[in-house]
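S.K.: Below: one structure in structure tokens.
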Amino acid sequence: MKQFLTQIINNRRIGADFFELWLRWDAPAPVPEPGQFLTIRISDDNVPLLRRPFAFAGYAEPSGAVSVIYQVRGRGTEILAARQPGENIDVIGPLGRPFPIRENQKKAVVIAGGVGLGPILFLADRLRSRDISTTLIFGCRSKSLIPDSVDFMNAKPVICTDDGTHGFKGNPIKYIAAKADIDNKTTIYGCGPVPMLRSLCKLNRPASAQIWISLEALMACGVGACMGCAVPTVSSGYSRACKEGPVFNGKEILWEQM
Amino acid sequence: MGTNVDMTVSIGSKSLPNPVGVASGTFGYGREYEELTDLANIGAIFTKAVTLKSRKGNAPPRIVETPSGIINSIGLANVGVNYFLSNKLPFLKTLPCAVIVNVAGSTEEEYLQVVQKLETAEEGIWGYEINVSCPNVKHGGLAFGTDPLQIEQLTAALRKLTPKPLIIKLTPNVTDIALIARAAEAGGADAVSLINTLVGMVIDTKKKRSALGTLTGGLSGPAVRPVGVALTYKASRAVSIPVIGMGGIMNTEDALQYLLAGASAIQIGTANFIDPQTPEKVLGGIRRYCEKQGVSSVTDLCWLATL
Ligand SMILES: Cc1cc2nc3c(=O)[nH]c(=O)nc-3n(C[C@H](O)[C@H](O)[C@H](O)COP(=O)(O)OP(=O)(O)OC[C@H]3O[C@@H](n4cnc5c(N)ncnc54)[C@H](O)[C@@H]3O)c2cc1C
Ligand SMILES: Cc1cc2nc3c(=O)[nH]c(=O)nc-3n(C[C@H](O)[C@H](O)[C@H](O)COP(=O)(O)O)c2cc1C
Ligand code: FES
Numbered sequence: 046m047k048q049f050l051t052q053i054i055n056n057r058r059i060g061a062d063f064f065e066l067w068l069r070w071d072a073p074a075p076v077p078e079p080g081q082f083l084t085i086r087i088s089d090d091n092v093p094l095l096r097r098p099f100a101f102a103g104y105a106e107p108s109g110a111v112s113v114i115y116q117v118r119g120r121g122t123e124i125l126a127a128r129q130p131g132e133n134i135d136v137i138g139p140l141g142r143p144f145p146i147r148e149n150q151k152k153a154v155v156i157a158g159g160v161g162l163g164p165i166l167f168l169a170d171r172l173r174s175r176d177i178s179t180t181l182i183f184g185c186r187s188k189s190l191i192p193d194s195v196d197f198m199n200a201k202p203v204i205c206t207d208d209g210t211h212g213f214k215g216n217p218i219k220y221i222a223a224k225a226d227i228d229n230k231t232t233i234y235g236c237g238p239v240p241m242l243r244s245l246c247k248l249n250r251p252a253s254a255q256i257w258i259s260l261e262a263l264m265a266c267g268v269g270a271c272m273g274c275a276v277p278t279v280s281s282g283y284s285r286a287c288k289e290g291p292v293f294n295g296k297e298i299l300w301e302q303m
Numbered sequence: 471m472g473t474n475v476d477m478t479v480s481i482g483s484k485s486l487p488n489p490v491g492v493a494s495g496t497f498g499y500g501r502e503y504e505e506l507t508d509l510a511n512i513g514a515i516f517t518k519a520v521t522l523k524s525r526k527g528n529a530p531p532r533i534v535e536t537p538s539g540i541i542n543s544i545g546l547a548n549v550g551v552n553y554f555l556s557n558k559l560p561f562l563k564t565l566p567c568a569v570i571v572n573v574a575g576s577t578e579e580e581y582l583q584v585v586q587k588l589e590t591a592e593e594g595i596w597g598y599e600i601n602v603s604c605p606n607v608k609h610g611g612l613a614f615g616t617d618p619l620q621i622e623q624l625t626a627a628l629r630k631l632t633p634k635p636l637i638i639k640l641t642p643n644v645t646d647i648a649l650i651a652r653a654a655e656a657g658g659a660d661a662v663s664l665i666n667t668l669v670g671m672v673i674d675t676k677k678k679r680s681a682l683g684t685l686t687g688g689l690s691g692p693a694v695r696p697v698g699v700a701l702t703y704k705a706s707r708a709v710s711i712p713v714i715g716m717g718g719i720m721n722t723e724d725a726l727q728y729l730l731a732g733a734s735a736i737q738i739g740t741a742n743f744i745d746p747q748t749p750e751k752v753l754g755g756i757r758r759y760c761e762k763q764g765v766s767s768v769t770d771l772c773w774l775a776t777l
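If you read the protein sequences in the order shown, they are chains W and A.
So in this note's numbering the end of the first sequence lands on 303, straight run, no missing numbers.
So in this note's numbering the end of the second sequence lands on 777, straight run, no missing numbers.
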């Protein structure tokens, strides 16, 4: 991990619900892996005070740039959405553990709900570059919330809407249960709201099909020092989302305590 | 540049390389920040609280942001004294800065046992900061911290166990800080440090319950700075041992307020989360201020103030 001032290359709205931010990511910053995140200092004033964490949504090797896909949720992301290309921004990253990819992996199903889109797009791209057959499933409430971006469409997502205005009617979990071909060689990855990830982990599936999920937690330090980002886990009682996570094996999480 | 200002600060029989420490619970066990700042520039690392047994800590959420502050409800989650000695101290003792172990317990006996165990370490521990002031645990902590008699007894009992600098960390959640600081001094403390966090509460109006996993938590950050400065002033006038001031220090200007109020040294807490380089920047700033003011030792700064 490194803390440095970097430059905003681009920061634009993609659809009704999402923004996409591109940042210069030159040496000496280590190259990010899918599942890892960075923290951004939003303001030099004390409001909002804490840095805000965001997962990497992509890494463009030749130009040395990273992207983040984010939703405006509160004050911090509102300020971020107003930042302009060319401006400097204080970042720390890459942080946390990435999604694991096995040596001989052949097949993957990756699921994104809402704000979980960024890391899942990055992951799908990486899996496909390793010739792993990958189905990308994206869920949102309605057609109007589907991100309007070439990268997203190029990833050939299966789109699920809760209201059925586009693609499959229902959430991604319902889609998987009904349609997806999951065998004992499939690895499943998910990022999105907790209820979605909880039902994903409870899904009927072959015992050897692993599930890896990425969790959000409120973070103060982002580097493992404050114990603020506790996630209830089977093996440790609590694990730090910023250090042992944000990617966890689905069976590690104590869902009833989430 | 700057070589002519003496930045050392004596506490008990020892001296700190400089007056800028990092506050307990905000800097882990040092290693977490190794890649983000040069640990050699830090005067003292005050470790995360160490208790007799490891503690899982409180149910999440453990952090909530407030205007210019945060409230935490970590619940002293830590690895326990044995693991600290075998797995955390080996790295810490390679550092040139002072390592001050923050000790917590729920009974007097527990505090004593932790310090006894820490005393078995041959090297690496510079001193102790006794946390009698954590608002986030059900038993002990805050209870000790608000009763002068208990503070004096606990300090006196700990004093018998160690010749190392013994710093008692005080809570701001009391009516008269002077009384509490004097009790620590009477028990034989080498210094007092303050402030720990202020009890605070945030209610999530959508869920109609506390925004934290617990009802209340501890407020820190810039929002508490004026409280910290005032209590540092009062405590420093009440005792003749050094006062280590903290609470909401974000930059040099904030740190100088504490030093002028009567603190001999300061700690940076919440600011580490926002900018891990804060301690380094503040140290440079204090040094430049000393040069500009023409003082030869940082401990002379307090004499400049007319309070
Ligand atoms: C590892 C990690 C990766 C993340 N990746 C992304 C991403 O790729 N894209 C994206 O849009 N968001 C992501 N988030 C969430 C993002 O950090 C929050 O949306 C952001 O901090 C909100 O800041 P705010 O000031 O706008 O909202 P606030 O005003 O602080 O809060 C608005 C609402 O969002 C909730 N919230 C605030 N911070 C967090 C948080 N850290 N985690 C979960 N909920 C939060 C609050 O409880 C509140 O309900 C990630 C979070 C984590 C921990
Ligand atoms: C997340 C967090 C954890 C803390 N843990 C401890 C602790 O274990 N022991 C202790 O004495 N103080 C603890 N504190 C209190 C700080 O050391 C410090 O006294 C307080 O935060 C005020 O300083 P600040 O405003 O600069 O953060 C903690 C504070 C925070 C924010
Ligand atoms: S956010 Fe501080 S330990 Fe994870």
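The beta carbon of each residue, even a glycine, is placed where N, CA and C say it ideally should be.
Owing to the predicted nature of the structure, the values given are computational and were not obtained by experimental measurement.
1. Hey, quick one: how far does the alpha helix (DSSP H) through L125 of chain W stretch, first residue to last?
2. Report the rounded CA-to-CA distance for L162 of chain W versus I114 of chain W, giving the unit in angstroms.
3. My output table needs one value for G657 of chain A: the three-state DSSP class, helix, strand or coil.
4. Would a check of beta-carbon distances place M241 of chain W closer than 8 Å to chain A?
5. Heavy atom of ligand 2 less than 7 Å from the Cβ of G267 of chain W, yes or no?
6. Report, in whole angstroms, the separation of the C-beta atoms of V268 of chain W and L140 of chain W, which I expect to be a contact under 8 Å.
7. Relative to the alpha-carbon of G658 of chain A, which residue among A:L628, A:I570 and A:T684 has its alpha-carbon at the smallest distance?
8. Exposed or buried, what is E78 of chain W when buried is set at 16 or more other beta-carbons lying within 10 Å of its beta-carbon?
9. For C205 of chain W, go through chain A and note every residue whose CB falls closer than 9 Å to its CB, in chain order.
10. Determine the chain W residues that contact M720 of chain A at a beta-carbon separation under 8 Å, and present them in chain order.
11. Looking only at its chain, what residues have a beta carbon closer than 7 Å to the beta carbon of L649 of chain A, apart from the 5 residues adjacent to it on each side?
12. Nearest CA to the CA of P530 of chain A: which residue from A:L682, A:L559, A:G498 and A:P635?
13. Please list the partners that S483 of chain A has in chain W, where partner means a Cβ-to-Cβ separation under 8 Å.
14. Let me see if you follow: with CB-CB separation under 8 Å, is A514 of chain A close to chain W or not?
15. Given A102 of chain W, which residues of its chain have a CB within under 6 Å of its CB, disregarding the five upstream and five downstream residues?
16. With a threshold of 7 Å (Cβ to nearest heavy atom), would T521 of chain A be considered close to ligand 2?
17. Classify G119 of chain W: buried if its beta carbon has 16 or more other beta carbons within 10 angstroms, exposed otherwise.
18. When you compare each of A:C567, A:S663, A:E723 and A:T616 to I637 of chain A by their alpha carbons, which one comes out closest?
19. Over what stretch of residues does the beta strand (DSSP E) that includes C185 of chain W continue unbroken?
20. To the nearest angstrom, how far is the alpha carbon of A510 of chain A from that of L565 of chain A?
21. How would you list, in chain order, the residues of chain A whose beta-carbon sits under 8 Å from the beta-carbon of Y115 of chain W?
22. Can you name, in chain order, every residue of its own chain whose Cβ lies under 7 Å from the Cβ of A308 of chain W, other than the five neighbours on each side?
23. List the DSSP bridge partners of Y234 of chain W.
24. What do you reckon, is the C-beta of R285 of chain W under 7 Å from a heavy atom of ligand 3?
25. Is N542 of chain A helix, strand or coil when you go by DSSP?
26. V490 of chain A and V752 of chain A - do their beta-carbons sit closer together than 8 Å?
27. I want to check one thing, is the minimum distance from the CB of G282 of chain W to the heavy atoms of ligand 3 below 7 Å?
28. Just how far apart, CA to CA, sit G295 of chain W and Q255 of chain W?
29. Helix, strand or coil for E761 of chain A per DSSP?
30. Could you tell me whether the Cβ atoms of E132 of chain W and I53 of chain W are closer together than 8 Å?
31. Just the C-alpha distance for S485 of chain A and T507 of chain A, rounded to the nearest angstrom, thanks.
32. Closer than 9 Å, Cβ to Cβ, to anything on chain A: give me those residues from the segment 263 to 278 of chain W, in chain order.
33. For ligand 3, is there a heavy atom less than 7 Å away from the beta-carbon of A270 of chain W?
34. Per DSSP, what kind of secondary structure is N294 of chain W in: helix, strand or coil?
M.R.: Looking at the atomic coordinates:
1. For the purposes of this step, residue 125 of chain W is taken as the residue at position 80 of the first sequence. Start and end: R120 to A126.
2. The residue given as residue 162 of chain W occupies position 117 in the first sequence. The residue given as residue 114 of chain W occupies position 69 in the first sequence. Roughly 7 Å between the two C-alpha positions.
3. Walking along the second sequence from the start, residue 657 of chain A turns up at place 187. DSSP places G657 of chain A in helix when its eight states are reduced to three.
4. In the first sequence, the residue the question calls residue 241 of chain W occupies position 196. No, no contact with chain A.
5. In the first sequence, residue 267 of chain W corresponds to position 222, counting from 1. No, the Cβ of G267 of chain W stays beyond 7 Å of every heavy atom of ligand 2.
6. Locating residue 268 of chain W in the first sequence gives position 223, where the first residue counts as 1. Locating residue 140 of chain W in the first sequence gives position 95, where the first residue counts as 1. Sure, about 7 Å apart at Cβ, within 8 Å.
7. Residue numbering aside, residue 658 of chain A sits at position 188 when the second sequence is read from its first letter. The shortest C-alpha separation from G658 of chain A is found at A:L628.
8. For this step, residue 78 of chain W is matched to residue 33 along the first sequence. Counting Cβ neighbours within 10 Å, E78 of chain W comes out buried, since at least 16 surround it.
9. Stepping through the first sequence from its first residue, residue 205 of chain W is reached at position 160. Those do not exist, as C205 of chain W stays about 26 Å from chain A at its closest Cβ, beyond 9 Å.
10. As a position in the second sequence, residue 720 of chain A is number 250, starting the count at 1. N91, listed in chain order.
11. Mapped onto the second sequence, residue 649 of chain A falls at position 179. Contacts found: P618.
12. Translated into positions along the second sequence, residue 530 of chain A becomes position 60. Per the Cα distances, A:L682.
13. Here the question's residue 483 of chain A lines up with position 13 in the second sequence. Here the premise fails: no neighbours, minimum Cβ distance about 30 Å.
14. Numbered from 1 along the second sequence, position 44 holds the residue referred to as residue 514 of chain A. For A514 of chain A, the answer is no, since every Cβ of chain W falls outside 8 Å of its Cβ.
15. Along the first sequence, read from residue 1 onward, the residue named residue 102 of chain W stands at position 57. Hits under 6 Å: S112, V113, I114, G163, L166 and F167.
16. Locating residue 521 of chain A in the second sequence gives position 51, where the first residue counts as 1. No, since every heavy atom of ligand 2 falls outside the 7 Å radius drawn around the Cβ of T521 of chain A.
17. Translated into positions along the first sequence, residue 119 of chain W becomes position 74. By the 10 Å Cβ count, G119 of chain W comes out exposed.
18. Counted from its first residue, the second sequence places residue 637 of chain A at position 167. Among A:C567, A:S663, A:E723 and A:T616, the Cα nearest to that of I637 of chain A belongs to A:S663.
19. Numbered from its first residue, the first sequence carries residue 185 of chain W at position 140. Note, C185 of chain W: beta strand (DSSP E), S178 to C185.
20. Start at 1 with the first residue of the second sequence, and residue 510 of chain A comes out as number 40. Start at 1 with the first residue of the second sequence, and residue 565 of chain A comes out as number 95. In a straight line, the C-alpha of A510 of chain A is about 7 Å away from that of L565 of chain A.
21. As a position in the first sequence, residue 115 of chain W is number 70, starting the count at 1. Simply none; closest approach about 17 Å.
22. This structure cannot settle anything about residue 308 of chain W, because the visible part of chain W is limited to 46 through 303.
23. Locating residue 234 of chain W in the first sequence gives position 189, where the first residue counts as 1. According to DSSP, Y234 of chain W bridges with W:V155 and W:W257.
24. Counting from one through the first sequence, the residue named residue 285 of chain W turns up at place 240. Within the cutoff, so yes.
25. The count along the second sequence starts at 1 and reaches residue 542 of chain A at position 72. Looking at N542 of chain A - three-state DSSP - the assignment turns out to be strand.
26. The residue you call residue 752 of chain A lines up with position 282 of the second sequence. The residue you call residue 490 of chain A lines up with position 20 of the second sequence. Against a cut-off of 8 Å, the Cβ pair of V490 of chain A and V752 of chain A comes out as a contact.
27. On the first sequence, residue 282 of chain W is found 237 positions in, with the first residue counted as 1. No.
28. As a working mapping, residue 295 of chain W is identified with position 250 in the first sequence. As a working mapping, residue 255 of chain W is identified with position 210 in the first sequence. Rounded to whole angstroms, G295 of chain W to Q255 of chain W spans 8 Å at the Cα level.
29. In the second sequence, residue 761 of chain A corresponds to position 291, counting from 1. Looking at E761 of chain A - three-state DSSP - the assignment turns out to be helix.
30. As a position in the first sequence, residue 132 of chain W is number 87, starting the count at 1. As a position in the first sequence, residue 53 of chain W is number 8, starting the count at 1. Yes, the pair counts as a contact, with Cβ atoms nearer than the cut-off.
31. The residue labelled residue 485 of chain A in the question sits at position 15 within the second sequence. The residue labelled residue 507 of chain A in the question sits at position 37 within the second sequence. Each residue's Cα considered, the two are about 23 Å apart.
32. L263, M264, A265, C266, G267, V268, G269, A270, C271, M272, G273, C274, A275, V276 and P277
33. If you number the first sequence from 1, residue 270 of chain W lands on position 225. A270 of chain W Cβ: within cutoff of ligand 3.
34. Here residue 294 of chain W is taken as the residue at index 249 of the first sequence, counted from 1. In this structure, N294 of chain W counts as strand in the three-state DSSP scheme.
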